[in-house]
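What follows is a set of notes on a single structure, which appears directly below.
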Amino acid sequence: MRALLALALTTLLLPTAAAQRDTGFDLLRLEPSARASALAGTVGSAPNDDPASFYYNPALLDEAMHRGLSVTYLNHLADVNAGFATYARTVDGIGTVAAGLRYLSYGDFARTAEDGTAEGSTFGAGEAALSVSASRPLTPRLQGGATLHAAFAWLDDASAQAVAADVGVLYAVPSQLLHLSASIHNVGIVASSLGSTDDTLPVDLRVGVSKGLRYIPLTITLMGYDLTEFSSEGSALDEATRHIALGGEFRFGEAVRARLGYNPRRHDELATGDRLDLAGLSLGFGLALRRFGFDYAFNSWSQTGGLHQLSIRTRL
């Protein structure tokens, strides 16, 4: 029963992940940054000053994030809520290091007997993850980084634990305003699972490219993800589009950013069939006001609704 409920919760929270393959610890797939969420998660090759970027590629950690703090709130569907906090610091002789906390609450559920009779009490379900990361230059153009995660999940009095790691690289071509990236995420060991079915980690191999335009204040981002999970069904083109996401960030001076992203797979799996369906589309903006930065993102889930996400950044 616990395993079935856990699967139902995962399907509610992340239908795109559940449709690929059944895994545990899907908190590791949630977007911990409003900036990245507005860009459909395509920031693994796009350097910036958001400490939470290390979740997308640990090689993004650099001196621009020194003493940076990022706090994010995600209002998901069906009263599901998530919070994220990240802090980064540059350490002489080591590089730039960061620590982060992710928390997800599915809310409270009424406890019932096997025949459906209410027992008059409730129980909770959720997930959490602690992460530490470090990055440093390997050559003048190449940055490398690694992250270690400790992940936890609970459902009533059952619990699960796992340890996972990310490794990534970032290559810069400054004269072309070009960055290339490659990273692998959530490779590790599940120590214990919820229920009798063994959980697995959502391993994700990603490659990315970001290109700034010289005469237009726009950076275009492209990401290939879940590159270890190709299917033999459908055409090669259809399968390729299921592993690609696109984003674009417009700069209006130093203080304002406008962002747009699109995930074709999310559109295919969430669209209702109406002629104009915005499923898979994400958008948002960023504001820099003195010591604080604010980022907002909205992700359309078709007629199901939309996800609202807010990040606040500052330096301590």
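If you're matching positions, the sequence shown starts at 7 in our numbering and goes up one per residue.
All C-beta atoms in this analysis are idealised placements derived from N, C-alpha and C, irrespective of residue type, glycine included.
Status (buried if at least 16 other CB within 10 Å, exposed otherwise) for residue i
i      : result
GLU255 : buried
GLY267 : buried
THR225 : buried
ARG297 : exposed
PHE90  : buried
ALA119 : exposed
GLU37  : buried
PRO57  : buried
PRO180 : exposed
ASN269 : buried
THR320 : exposed
TYR231 : buried
LEU295 : exposed
SER199 : buried
LEU207 : buried
LEU243 : exposed
Alpha carbon of residue i to alpha carbon of residue j, nearest angstrom
i      : j      : result
LEU211 : ARG73  : 29 Å
ALA277 : GLN309 : 8 Å
LEU176 : PHE115 : 44 Å
LEU75  : PRO223 : 26 Å
ARG117 : THR123 : 9 Å
LEU161 : PHE129 : 8 Å
SER141 : ASP274 : 36 Å
TYR302 : ALA168 : 31 Å
LEU83  : PHE31  : 18 Å
SER317 : PHE300 : 6 Å
ALA12  : HIS314 : Only weak support exists for where ALA12 lies, its pLDDT of 45 falling under 50; the coordinates are left without a value.
ARG257 : LEU183 : 15 Å
SER139 : ALA152 : 6 Å
LEU66  : ASP163 : 38 Å
GLY47  : ALA251 : 8 Å
THR96  : SER127 : 48 Å
HIS249 : GLU125 : 45 Å
PHE291 : VAL103 : 27 Å
TYR61  : ILE190 : 11 Å
PHE304 : ILE100 : 37 Å
ARG272 : LEU284 : 10 Å
ARG220 : GLY259 : 15 Å
PHE236 : TYR109 : 30 Å
GLY279 : GLY312 : 17 Å
GLY113 : LEU80  : 14 Å
MET229 : ALA246 : 11 Å
GLY218 : ALA105 : 29 Å
C-beta atoms of residue i and residue j nearer than 8 Å
i      : j      : result
HIS155 : LEU322 : no
PRO64  : GLY174 : yes
LEU293 : ALA261 : yes
GLY50  : GLY253 : no
THR234 : VAL196 : no
SER59  : ASN87  : no
ALA44  : LEU289 : yes
ALA134 : PHE158 : yes
ALA170 : GLY194 : yes
LEU287 : SER306 : yes
ASP85  : MET71  : no
ASP68  : GLN149 : yes
Which residues DSSP lists as bridging residue i, in chain order
i      : result
ASP210 : HIS191
PHE90  : THR78, ARG108
SER59  : In the DSSP output, where bridge partners are listed per residue, SER59 has none listed.
THR227 : SER216, GLY253
ALA164 : LEU161
ASP114 : GLY130
PHE304 : LEU289, HIS314
GLY320 : Checking the sequence shown, residue 320 turns out to be Thr, not Gly. Answer by DSSP bridge pairing, in chain order: LEU75.
PRO143 : GLN149
For residue j and residue i, believed in contact at Cβ under 8 Å, the rounded distance
i      : j      : result
ASP205 : ASN192 : Not a contact, Cβ separation roughly 12 Å.
LEU136 : LEU107 : 6 Å
SER241 : THR227 : So it is not a contact: roughly 25 Å between Cβ atoms.
ARG147 : ALA188 : That belief does not hold up - the Cβ atoms of ARG147 and ALA188 are roughly 14 Å apart, past 8 Å.
ALA40  : THR78  : 6 Å
HIS185 : ALA52  : 7 Å
Closer than 8 Å to chain D by CB, residue i
i      : result
SER111 : In summary, chain D is missing from the structure at hand, where a single protein chain is found.
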